[in-house]
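Using UniProt numbering, read the sequence shown as starting at 1 and increasing by one per residue. Just so you know, even glycine gets a beta-carbon here, dropped at the ideal spot from N, CA and C. The structure appears right after this line, and notes come after that.
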Amino acid sequence: MKLDDLRIAVVGTGAVGGSVAADLVRAGLDATLIDQWPDHVAAMNAHGLTVHLPTETQVTPVRALHVCQVAEVREPFDIVLTAVKSYDTRWVAELMRPLLTPDSVFVGLQNGMTIDDCAEIVGSERTIGCVLGIAANMREPGVITRQVAPADTWFSVGTLDGQPTERLDQVAAVLAHAAVTEVTDDIRSAKWMKLIANIPEMLPSGLLGVPLLEAAHMPGIRPVMDAMSREAYALAIDLGITMLPSLGIAAQDVPDSDQYSLDLLDRVLSHFSKPDTRVAVLQDWEKGRRAELDAFSGYVVATSAARGERAPVNEAVLRLAQRVEQGELVPSPENAPQLIAALYAA
């Protein structure tokens, strides 16, 4: 099947999903955009999807549906890409399952280990995981700021069993319109590489209420980030995860130690962060939404606990983030002393 014959759905067209969807439409692919924010859907249908890139602004006419309109769709999709928040994964998989054929695939363009949720609902044979290296944000309906151009954006995709398939090749070819895309035979390990990189940036930067680069350079904060990284790395090693080249780090530059967890954060800071890049957790809090706590430190804490172990620094930082969600704290540099105190949680 030719790429332009594929029916593609992009569910969750915020900063990441919208950026990808616009690239697919501009490439002439049959992509339907689906979102749960009514104003965003209305703005896209009325004015197109505006994406501000580092060197230009693109306005792309798109076909957008609200999630309530999915029940009106009759023809199935060959590829469903989803970029919703991790905590929305399960219901979105259920929503789209009736529109999948036995040969369709469901692809999570997401942080966190959502591949297991997807597989449980649509089947492991129809699940494709994806690791993303992208920086974008959206503060108003119909308008996205993409801080890294497609040529500098990086995706890795793979099946759960590591086997090559025709659909996997098609997914890689489709996503190549939005990023430099590679295929991996160990998507779980690849997802862990991104998780290890996300762990030190998401909650600390969000708690401080400042862009990531600013947070990483605040006195006393990088040691907290590094301790969180090392805990995630240790858990991954215990689980038998293979440390793979990731985020542009070459195989020969992957050390056989937890230094790699620090190297991944360094790569995020040097190649995927601009002075005004704000992590997804902070963006959610600024919009009054709950963040993906369970996808980051929450996942490390819960997985460690299930093994009878602890990740004490991640536990302490997670408790602070939960206080933000409960309205007891607000993101602010004034939280730095409490964040630094997490180092002594062990």
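Among HIS52, ALA135, ILE79, which residue has its Cα nearest to the Cα of VAL268?
By 1-based counting over the sequence shown, the position of residue 268 is 268. Between VAL268 and the set HIS52, ALA135, ILE79, the nearest pair of CA atoms involves ALA135.
Spell out the partners DSSP gives HIS66 in its beta bridges.
Indexing the sequence shown from 1 puts residue 66 at position 66. According to DSSP, HIS66 bridges with ASP35.
If ARG90 sits next to ILE121, beta carbons under 8 Å apart, how far is it from one beta carbon to the other, in whole angstroms?
Along the sequence shown, one-based indexing puts residue 90 at 90. Along the sequence shown, one-based indexing puts residue 121 at 121. Sure, about 6 Å apart at Cβ, within 8 Å.
If you check the beta carbons only, do ASP186 and GLY158 fall under 8 Å apart?
Counting from 1 along the sequence shown, the entry for residue 186 is found at position 186. Counting from 1 along the sequence shown, the entry for residue 158 is found at position 158. Going by beta carbons, ASP186 and GLY158 fall inside the 8 Å limit.
Helix, strand or coil for ARG139 per DSSP?
Working through the sequence shown from its first residue, we reach residue 139 at position 139. DSSP places ARG139 within a strand segment (E or B) once states are collapsed to three.
So VAL10 and ALA27 are supposed to be a Cβ contact under 8 Å. How far apart are they, rounded?
On the sequence shown, position 10 is the one that residue 10 refers to. On the sequence shown, position 27 is the one that residue 27 refers to. In this structure VAL10 is not in contact with ALA27, their Cβ atoms being roughly 13 Å apart against a cut-off of 8 Å.
Hey, which unbroken runs of the alpha helix (DSSP H) at 4 residues or more fall wholly within the region 56-106?
Here the runs fully enclosed are 89-96.
Opposing strand residues paired with TRP154 [DSSP bridges]:
In the sequence shown, residue 154 corresponds to position 154, counting from 1. Per DSSP, the beta bridge partners of TRP154 are GLY133, VAL180.
Confirm, please, whether the CB-CB distance from SER297 to residue 411 is below 8 Å.
Because the chain in this structure spans residues 1 to 346, residue 411 falls outside the shown range and cannot be described.
Helix, strand or coil: how does DSSP classify GLY288 here?
Within the sequence shown, the letter at position 288 stands for residue 288. Note: GLY288 maps to coil in three-state DSSP.
Specify, as a first and last residue, the run of the beta strand (DSSP E) that ARG7 falls within.
Counting from one through the sequence shown, the residue named residue 7 turns up at place 7. Counting along the chain, ARG7 sits inside the beta strand (DSSP E) bounded by residues 7-11.
So for ILE199, helix, strand or coil by DSSP?
In the sequence shown, counting from the first residue as 1, residue 199 sits at position 199. Helix.
From TRP154 to GLY133, what distance separates their C-alpha atoms?
Your numbering for residue 154 matches position 154 in the sequence shown. Your numbering for residue 133 matches position 133 in the sequence shown. Taking the straight line from one Cα to the other gives about 5 Å.
Please report the Cβ distance between MET225 and ALA216, rounded to the nearest whole angstrom; I am assuming they are in contact, meaning their Cβ atoms lie under 8 Å.
Taking the first residue of the sequence shown as 1, we reach residue 225 at position 225. Taking the first residue of the sequence shown as 1, we reach residue 216 at position 216. Confirmed, about 7 Å.
With THR50 as the anchor, note down where its beta strand (DSSP E) starts and where it stops.
Position 50 of the sequence shown holds residue 50. Residues 49-52.
Of the listed residues PRO61, ARG97, ALA306, nearest to ALA71 (C-alpha basis):
By 1-based counting over the sequence shown, the position of residue 71 is 71. When only C-alpha atoms are compared, the closest one is ARG97.
ARG307 by DSSP, collapsed to three states: which one?
Residue 307 sits at position 307 when you count from the first residue of the sequence shown. In the three-state reduction of the DSSP assignment, ARG307 falls in the coil class.
Straight-line gap, VAL171 to VAL180 (C-alpha atoms, nearest Å)
For this step, residue 171 is matched to residue 171 along the sequence shown. For this step, residue 180 is matched to residue 180 along the sequence shown. Distance from the CA of VAL171 to the CA of VAL180, rounded to the nearest whole angstrom, comes to 12 Å.
Per-residue DSSP class, three states only, for ILE115:
Within the sequence shown, numbered from 1, the residue matching residue 115 stands at position 115. Correct three-state label for ILE115: helix.
Alpha carbon to alpha carbon, what distance is there between TYR299 and LEU6?
Locating residue 6 in the sequence shown gives position 6, counting from the first residue. Locating residue 299 in the sequence shown gives position 299, counting from the first residue. For LEU6 and TYR299, the distance between alpha carbons rounds to 35 Å.
Less than 8 Å separating the beta-carbons of VAL51 and ARG146?
Your numbering for residue 51 matches position 51 in the sequence shown. Your numbering for residue 146 matches position 146 in the sequence shown. A contact, by the Cβ cut-off of 8 Å.
Take PRO150 and list the residues in its own chain whose beta-carbon comes closer than 7 Å to its own, dropping the five residues that flank it on each side.
Here residue 150 corresponds to residue number 150 of the sequence shown, with the count starting at 1. The residues are ASP23, ALA178, ALA179.
In the structure shown, what three-state DSSP assignment does ILE221 receive?
As a position in the sequence shown, residue 221 is number 221, starting the count at 1. Assignment of ILE221 by DSSP, reduced to helix, strand and coil, places it in the helix class.
Within 10 angstroms of the Cβ of residue 351, are there 16 or more other Cβ atoms? Answer buried if so, exposed if not.
Here the chain comprises residues numbered 1 to 346, so residue 351 is not present and cannot be evaluated.
Is it the case that the Cβ atoms of LEU293 and ALA251 are separated by a distance below 8 Å?
Stepping through the sequence shown from its first residue, residue 293 is reached at position 293. Stepping through the sequence shown from its first residue, residue 251 is reached at position 251. LEU293 is not a Cβ neighbour of ALA251, given a cutoff of 8 Å.
If you measure between the beta carbons of ASP88 and ILE8, is that distance less than 8 Å?
Position 88 of the sequence shown holds residue 88. Position 8 of the sequence shown holds residue 8. Contact annotation: ASP88 and ILE8 have beta-carbon atoms that are not nearer than 8 Å.
ARG146 by DSSP, collapsed to three states: which one?
Taking the sequence shown and counting its residues from 1, the one referred to as residue 146 is at position 146. Here ARG146 sits in strand by DSSP.
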